[in-house]
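Student: These protein sequence lines map, in sequence, to chains A and B.
Take 1 as the starting number for the first sequence in this note's numbering and just add one per residue.
Take 1001 as the starting number for the second sequence in this note's numbering and just add one per residue.
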Amino acid sequence: MNTETTNKDFVFDIQKIKSDYPILQREIRGHKLVYLDSGASTQKPIEVINAHEEFFKTINSNIHRGLHTLAEESTNAYEKTRTHIAKFIGGVKTSEVIFTAGTTESINLVAYTWGEANISEGDEIVLTDMEHHANLVPWVMLAQRKNAVIKRIPITDDGRLDLTDIDKIITEKTKLVAVTHMSNVLGTLNPVKQLAEIAHKNGALILADGAQAVPHMPVDLLDLDVDFYAFSSHKMLGPTGVGVLFGKENILDKMPPFNMGGEMISEVSFDRITWAELPHKFEAGTPNIAGVVTFDAALTYLDEIGMDNVHTYETKLTAYTIDKLLQIDGLKIQGPNNAINRGGAVSFTDKDLHPHDISTYLDSKGIAIRAGHHCAQTLMKRMGTIATARASLYIYNDESDIDALFDALIAMRKYFGHE
Amino acid sequence: MSENLDDMYREIILDHYKAPRGKKPLDDKNVTSDGHNPSCGDELKMELKVDSKNNIADVHVNCKGCAISVASGSMLAEFIKGKSLEEVKKISEQIKKMLKGEESNITEDIGDLDSLKGVRQFPVRIKCALLAWVTLIEGVDKFEHGSKPDSFTVSTEDTD
């Protein structure tokens, strides 16, 4: 593990951390906000908020073009984030880090460039039964365009991947395995390294959706040996509208560009156009410069805590959350019932109450959770439900937040007459 | 308890939710209509018995969904029984307007239905309350203009 994500000296002071987030002081419907929807988007510490403001106050300008001081400074700041990310995810090359608008765009980029060029009729794309629509719809649409075949790795009733028949699912016909690193609904942490080995043994590539993993644990892409990896800034304390696509250099080199325009070219005439070097080949047009620059402050904040510490803290809090929820009659956890190989997205259903009533009730107590199908309708079907309620944790949550959730859920059942 | 919450989940609404009216399926019906809000997963099945004078002789509503959609369906069942199709069409449009916060000209006493107004404070939940009414309008339309060959399911999410 690289040193950027490990900080042995950090003392986890939750009150200090909570005080870094101005929004946590807000009152919602007469109650202090209890934010348990970080799986959807995280809150921002003051360091990140200040960095955003500072960018516009001091170095705002376009990048990679101008020759003036501001252009140089903003370009440097933008590229500093790229270098930081390359270290943060295990020490990959900066040429392998592509900025996108978010995880969804990262995956679509691969589907429309690598996918269009490499998937043919009869080829197989392997997904899992727990994919977010972002890692499902692009592949299903690609398969439809190419007459390719979608195969699925099933899940067990407790929400783990069922690898019993994996040798029949990933075969020599497989061209791509696309799997979530951590499920946004079940919280399950998937064995991406093992799947990468199996994929490569069969001559296939593997893409992992890391939107829910990178924010919560040390991730070393060299160790996982994935070919593509996607994640978003806004789920890890940074601004919205910034995402990352990691791709192995030798693969990215052979891929055609995605968006065409400025910045992604080398030489342009009406007869012949050559592409820019990596990673710029995939970054046409003016990107979200302020967002990318601000993202660096979020990464620095996480470095100071240390991703090991983030993971250890969240695992403990996840265990506490599961333990509390299991004490409530009528409530069922949709996903693993323990904190082993699992993150802090905890979905649950109530045998009597619709998730939207649960969410509205909790909102009246100042508690923000997510309710719905979580962009995972195929998973909902597999679990035999239409929607779930989901509490998802981050470093600024503590047991008091979970206690508030617990008390509110007990009161809720009484309110709706299900004592 | 927060005032807002009690505005939406009024006692009348909770009462309808806990004991929905119109639960019994009809032996003799001449209209069926299905509604569905895919993102919530709410499903509503409606049966109507329209008599020879174009009055609603009986109604059955079976809603699998949240408290608001169930309560709204239950109130609908209670309210429209015995009313003429013309009255029902008129009131349905008025209720839709009331729920959406548009100007409505409800002059009659709508009883329990008035309590649905509280839903307006929770805009994302308005479509839950609308589901039964949209399903009713579709059912009446089918009755008056004949069933379409591919009977489709209505949703209140298309208009969001």
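C-beta atoms are modelled at their ideal positions from N, C-alpha and C, and glycine is treated no differently.
Model, not experiment: these values are computed from the prediction.
Just to confirm my understanding: we take residue 408 (chain A), look at its own chain, exclude 5 residues before and 5 after, and list those with CB closer than 8 Å. What are they?
Tutor: Answer for residue 408 (chain A): 361, 362, 365 and 367, listed in chain order.
Student: What runs of the alpha helix (DSSP H), each 4 residues or longer, lie entirely inside the segment 319-399 of chain A?
Tutor: 355-364 and 377-382
Student: Is any beta-carbon of chain A found at less than 9 Å from that of residue 1008 (chain B)?
Tutor: It does; some Cβ of chain A falls within 9 Å.
Student: Does the segment 136-147 of chain A come within contact of the segment 106-124 of chain A, defined as at least 3 CB pairs closer than 8 Å?
Tutor: yes
Student: Let me confirm a value: residue 334 (chain A) is counted as buried when at least 16 other C-beta atoms fall within 10 Å, else exposed. Which label applies?
Tutor: Flag for residue 334 (chain A) reads buried.
Student: Give the straight-line distance between the Cα atoms of residue 313 (chain A) and residue 233 (chain A), rounded to the nearest whole angstrom.
Tutor: 21 Å
Student: Using only the alpha-carbon positions, how far apart do residue 164 (chain A) and residue 239 (chain A) sit?
Tutor: 40 Å
Student: May I ask you to list the residues that DSSP assigns as paired with residue 1099 (chain B)?
Tutor: None, per the DSSP bridge assignment.
Student: Counting C-beta neighbours from all protein chains within 10 Å, is the total for residue 1103 (chain B) 16 or more, i.e. buried, or is it exposed?
Tutor: Burial call: exposed.
Student: Buried or exposed: where does residue 370 (chain A) fall if 16 or more other Cβ atoms within 10 Å of its Cβ makes it buried?
Tutor: With 16 or more other CB atoms across the displayed protein chains lying within 10 angstroms of its CB, residue 370 (chain A) is buried.
Student: Roughly how many angstroms lie between the CA atoms of residue 1050 (chain B) and residue 1100 (chain B), to the nearest whole one?
Tutor: 28 Å
Student: Taking residue 416 (chain A) as the query, report the chain B residues whose CB atoms sit under 9 Å from its CB, ordered along the chain.
Tutor: 1009, 1014, 1017, 1018 and 1067
Student: So, at 8 Å on beta carbons, what are the nonlocal neighbours of residue 21 (chain A) in its own chain, with the 5 sequence-adjacent residues on each side left out?
Tutor: 43, 44, 45, 46 and 396
Student: At least one CB of chain B closer than 9 Å to the CB of residue 19 (chain A): is that the case?
Tutor: Taking Cβ atoms only, chain B never reaches closer than 9 Å to residue 19 (chain A), which makes this a no.
Student: I need the DSSP call for residue 10 (chain A), collapsed to helix, strand or coil.
Tutor: coil
Student: What number of angstroms, rounded off, separates the C-alpha of residue 132 (chain A) from the C-alpha of residue 1096 (chain B)?
Tutor: 34 Å
Student: Note down, in chain order, each residue of its chain lying with its Cβ closer than 8 Å to the Cβ of residue 251 (chain A), except the 5 sequence neighbours on either side.
Tutor: 114, 205, 227 and 228
Student: Indicate whether at least one CB of chain B lies closer than 9 Å to the CB of residue 410 (chain A).
Tutor: no
Student: Looking only at its own chain, which residues have a Cβ that is under 6 Å from the Cβ of residue 51 (chain A), when we skip the five neighbours before and after it?
Tutor: If we look at residue 51 (chain A) and ignore the five residues flanking it on each side, its Cβ neighbours are 294 and 297.
Student: Report the option in A:76, A:75, A:77 and A:98 whose CA atom is closest to the CA atom of residue 86 (chain A).
Tutor: A:98
Student: Grouping DSSP H, G and I as helix and E and B as strand, with all else coil, what is residue 182 (chain A)?
Tutor: In the structure shown, residue 182 (chain A) sits in a strand (DSSP, three-state: E or B).
Student: Going by Cα to Cα distance, which pick from A:188, A:16 and A:259 is closest to residue 105 (chain A)?
Tutor: Closest option to residue 105 (chain A), Cα to Cα, is A:259.
Student: Counting only Cβ pairs nearer than 8 Å, list the residues of chain A close to residue 1062 (chain B).
Tutor: For residue 1062 (chain B), there are no neighbours in chain A by C-beta distance under 8 Å, as the nearest C-beta there is about 15 Å away.
Student: Would you list, in chain order, the members of the segment 366-393 of chain A that have their beta-carbon closer than 7 Å to a beta-carbon of chain B?
Tutor: Listed by position along the chain: 372, 373, 386 and 387.
Student: Measure the beta-carbon distance from residue 153 (chain A) to residue 128 (chain A) and round it to whole angstroms, keeping in mind my assumption that it falls under 8 Å.
Tutor: Confirmed, Cβ separation roughly 4 Å.
Student: Roughly how many whole angstroms lie between the Cα atoms of residue 1146 (chain B) and residue 1055 (chain B)?
Tutor: 17 Å
Student: Check whether the Cβ atoms of residue 1010 (chain B) and residue 1111 (chain B) lie closer than 9 Å to each other.
Tutor: 9 Å or more divides the Cβ of residue 1010 (chain B) from the Cβ of residue 1111 (chain B).
Student: Taking the Cβ atom as the reference point for each residue, do residue 55 (chain A) and residue 299 (chain A) lie within a distance shorter than 9 Å?
Tutor: Contact check for residue 55 (chain A) against residue 299 (chain A) fails: the beta carbons are separated by 9 Å or more.
Student: Applying a beta-carbon distance threshold of less than 7 Å, which residues of chain A neighbour residue 1021 (chain B)?
Tutor: Residues of chain A passing the Cβ test: none, with the nearest at roughly 16 Å.
Student: Whose CA, out of A:236, A:188 and A:63, lies closest to the CA of residue 305 (chain A)?
Tutor: A:236
Student: Strictly by DSSP, which residues pair up with residue 1042 (chain B)?
Tutor: B:1037
Student: Can you grab the Cα-Cα spacing for the pair residue 386 (chain A) / residue 1128 (chain B), in whole Å?
Tutor: 15 Å
Student: Shortest alpha-carbon distance to residue 79 (chain A) belongs to which of A:346, A:283 and A:323?
Tutor: A:283
Student: Near residue 38 (chain A), what residues of its chain come up, given a Cβ to Cβ distance below 6 Å and the 5 sequence neighbours on each side ignored?
Tutor: 392 and 394
Student: On the three-state DSSP scale, how would you describe residue 247 (chain A)?
Tutor: strand
Student: Look at residue 32 (chain A) and residue 26 (chain A) and say whether their C-beta atoms are less than 9 Å apart.
Tutor: yes
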